[in-house]
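Residue numbers (the numbering used here): 19 to 368.
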């Protein structure tokens, strides 16, 4: 039993009947630990410029090449391995080696890159300083007859973002039914119908259940982070908060399905039986990823803080390609790096 000790064989035993004292000490210690952890935490935001395809590796339905999703929510994700691999390629350098008296060029990770991301497959395995989570969904674009399109999100996504980053107050609005939504009455998507305000997303009508909560600091953060983007700077006018269930439904039913065929080089026509389809996350989708620094890795090979090195690369390049079909324009994302301070505030220099 917590807080209840007895005297045994002359030993002094402390009794703590006030559990609030115990919990207060526990909370204070963990709060300090959390503040220290913030120094070792950063956020990377991904805004898809073109459709994105990161495959799940298999199909059990009508889609031949589905995207990878969370099992329990069906929300699209970008795996941490894909994120790490793309950034690690920025620390690759050419090296010439001789093979059967012929010179061949290969590309290997330099020493700084090995410290940041770990060693390659042909070396003794060592982990890197930087640790990447999977990128979770933040906003998903959806068609609307008024305003062209909107960005949908839901209480589950907002609360997960608040928990992961500490940047946003938890979403405490009463639960939304599947035909209700929160949005700006004077926003780009709102439709006035008598005394009622509505939005239409795909073929579904949502009634106005309230304005966007004032404690969603996330919208201000994103507007600051990508202040020069003419589309995202109007984010509040397009955001619609819907129920968790409808969010899962839309992310499963409103992704792009691209049809592909294989062309016979001799005839210039489609080969028989070579038709297949591919699922893509639409452009203008927003994801976020948590990056942490491991305290167990040596920083001897680094002249700067690991976060500073990664941020410099991201600021320099800005747009990175993730997933498949780079040659046909898929997977290009605007990428923004943002540090977290002890108070859970973002520090962005882009």
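Backbone N, C-alpha and C define an ideal beta-carbon position, used for all residues, glycine too.
Values in this document were obtained by computation on a predicted structure and should not be read as measured data.
Classify residue 127 as helix, strand or coil using the three-state DSSP reduction. Counting from one through the chain shown, the residue named residue 127 turns up at place 109. In the structure shown, residue 127 sits in a strand (DSSP, three-state: E or B).
Report the option in 89, 153, 83 and 126 whose CA atom is closest to the CA atom of residue 305. The residue labelled residue 305 in the question sits at position 287 within the chain shown. Ranking the options by Cα distance to residue 305, first place goes to 153.
Considering only their Cβ atoms, is the gap separating residue 258 from residue 217 smaller than 9 Å? Looking up residue 217 in the chain shown gives position 199. Looking up residue 258 in the chain shown gives position 240. Yes, the pair counts as a contact, with Cβ atoms nearer than the cut-off.
With a threshold of 8 Å on Cβ separation, who are the neighbours of residue 288 within its own chain once the five nearest residues in sequence on each side are excluded? As a working note, residue 288 is residue 270 in the chain shown. The answer, listed in chain order, is 279, 280, 281 and 282.
To the nearest angstrom, how far is the alpha carbon of residue 15 from that of residue 310? Here the chain comprises residues numbered 19 to 368, so residue 15 is not present and cannot be evaluated.
Residue 307, buried or exposed, once every other Cβ within 10 Å from all chains shown has been counted against 16: Counting from one through the chain shown, the residue named residue 307 turns up at place 289. Result: buried.
Three-state secondary structure (DSSP) at residue 356? Within the chain shown, residue 356 is the residue found at index 338, counting from 1. Correct three-state label for residue 356: strand.
Between the region 103-111 and the region 122-130, can you find at least three pairs of beta-carbon atoms closer than 8 Å? yes
Around the C-beta of residue 90, are 16 or more other C-beta atoms found within 10 angstroms, so that it is buried, or is it exposed? By 1-based counting over the chain shown, the position of residue 90 is 72. Per the 10 Å Cβ criterion, exposed.
Measuring CB to CB, does residue 332 end up less than 9 Å from residue 85? Start at 1 with the first residue of the chain shown, and residue 332 comes out as number 314. Start at 1 with the first residue of the chain shown, and residue 85 comes out as number 67. Contact: no.
Cα-Cα separation, residue 235 to residue 187: The residue given as residue 235 occupies position 217 in the chain shown. The residue given as residue 187 occupies position 169 in the chain shown. If I take the Cα positions, the gap works out to 7 Å.
Counting Cβ pairs, one atom from each stretch, are 3 or more of them under 8 Å apart for the region 190-201 and the region 344-355? no
Determine the DSSP secondary structure at residue 203, reduced to helix, strand or coil. In the chain shown, the residue the question calls residue 203 occupies position 185. Three-state result, residue 203: coil.
With C-beta atoms as the reference, is residue 340 less than 9 Å away from residue 60? As a position in the chain shown, residue 340 is number 322, starting the count at 1. As a position in the chain shown, residue 60 is number 42, starting the count at 1. No. Outside cutoff.
Which stretch, first to last residue, makes up the beta strand (DSSP E) that contains residue 330? Indexing the chain shown from 1 puts residue 330 at position 312. Looking at the DSSP string, residue 330 is not in any beta strand (DSSP E); the run it does join, the alpha helix (DSSP H), is 324-335.
Test item: CB-CB of residue 67 and residue 337 under 9 Å: Your numbering for residue 67 matches position 49 in the chain shown. Your numbering for residue 337 matches position 319 in the chain shown. Yes, the Cβ-Cβ distance between residue 67 and residue 337 is below 9 Å.
What number of angstroms, rounded off, separates the C-alpha of residue 168 from the C-alpha of residue 198? Here residue 168 refers to the residue found at position 150 when the chain shown is read from its first residue. Here residue 198 refers to the residue found at position 180 when the chain shown is read from its first residue. The alpha-carbon atoms of residue 168 and residue 198 are separated by roughly 15 Å.
In whole angstroms, what is the alpha-carbon distance linking residue 208 and residue 249? Mapped onto the chain shown, residue 208 falls at position 190. Mapped onto the chain shown, residue 249 falls at position 231. Distance between the alpha carbons of residue 208 and residue 249: 18 Å.
Have a look at 64, 72, 134 and 96 and flag the residue whose alpha-carbon is nearest the alpha-carbon of residue 314. Along the chain shown, one-based indexing puts residue 314 at 296. Considering only alpha carbons, the answer is 134.
Within this structure, are the beta carbons of residue 159 and residue 353 separated by less than 9 Å? As a working note, residue 159 is residue 141 in the chain shown. As a working note, residue 353 is residue 335 in the chain shown. Their beta carbons are not under 9 Å apart, which means residue 159 does not touch residue 353 by this criterion.
For a test of the three-state rule: what should DSSP assign to residue 228, helix, strand or coil? Counting from 1 along the chain shown, the entry for residue 228 is found at position 210. It is coil, neither helix nor strand.
Report, in whole angstroms, the separation of the C-beta atoms of residue 206 and residue 165, which I expect to be a contact under 8 Å. On the chain shown, residue 206 is found 188 positions in, with the first residue counted as 1. On the chain shown, residue 165 is found 147 positions in, with the first residue counted as 1. About 4 Å; that satisfies the 8 Å criterion.
First and last residue of the uninterrupted beta strand (DSSP E) at residue 219: Here residue 219 refers to the residue found at position 201 when the chain shown is read from its first residue. Residues 214-219.
Suppose you measure from the CA of residue 270 to the CA of residue 83; what does that come to, to the nearest Å? What you label residue 270 is simply residue 252 of the chain shown in a count that begins at 1. What you label residue 83 is simply residue 65 of the chain shown in a count that begins at 1. In a straight line, the C-alpha of residue 270 is about 14 Å away from that of residue 83.
I'd like to confirm the pairing. Which residues does DSSP put opposite residue 159 in its beta bridges? Position 141 of the chain shown holds residue 159. DSSP output for residue 159 lists 169 as bridge partner(s).
Cut-off 6 Å between Cβ atoms - residues of its own chain near residue 97, not counting five sequence neighbours on either side: Taking the chain shown and counting its residues from 1, one reaches residue 97 at position 79. Same-chain partners within the cutoff: 152.
Compute the Euclidean distance between the alpha carbons of residue 52 and residue 240, then round it to the nearest angstrom. Looking up residue 52 in the chain shown gives position 34. Looking up residue 240 in the chain shown gives position 222. Reliability of the predicted coordinates at residue 52 is poor, the pLDDT of 43 falling under 50, and no value is obtained from them.
In the DSSP assignment, find the unbroken beta strand (DSSP E) run with residue 210 in it and report its ends. Within the chain shown, numbered from 1, the residue matching residue 210 stands at position 192. From DSSP, the beta strand (DSSP E) with residue 210 extends over 209-211.
Smallest Cα separation from residue 227: which of 203, 316, 106 and 88? Counting from one through the chain shown, the residue named residue 227 turns up at place 209. Taking only the C-alpha atoms, the option nearest residue 227 is 203.
For residue 215, does the count of other Cβ atoms within 10 angstroms reach 16, so buried, or fall short, so exposed? Residue numbering aside, residue 215 sits at position 197 when the chain shown is read from its first letter. Label assigned to residue 215: buried.
Quick one: what does DSSP say residue 85 is sitting in, helix, strand or coil? Within the chain shown, numbered from 1, the residue matching residue 85 stands at position 67. It is a strand residue.
Quick check: the Cα distance between residue 327 and residue 286, rounded to an integer number of angstroms? In the chain shown, residue 327 corresponds to position 309, counting from 1. In the chain shown, residue 286 corresponds to position 268, counting from 1. Using only the alpha carbons, I get a separation of about 48 Å.
Do residue 172 and residue 95 count as a contact pair if the criterion is CB distance below 9 Å? Residue numbering aside, residue 95 sits at position 77 when the chain shown is read from its first letter. Residue numbering aside, residue 172 sits at position 154 when the chain shown is read from its first letter. Going by C-beta atoms, residue 95 is not nearer than 9 Å to residue 172.
Starting from residue 309, trace the beta strand (DSSP E) both ways and give me its first and last residue. Locating residue 309 in the chain shown gives position 291, counting from the first residue. Its beta strand (DSSP E) spans residues 304-311.
If you count every other CB in all the chains shown that lies within 10 Å of the CB of residue 293, and 16 or more means buried, which is it? Translated into the one-based positions of the chain shown, residue 293 becomes position 275. The residue is exposed, with fewer than 16 neighbouring Cβ atoms inside 10 Å.
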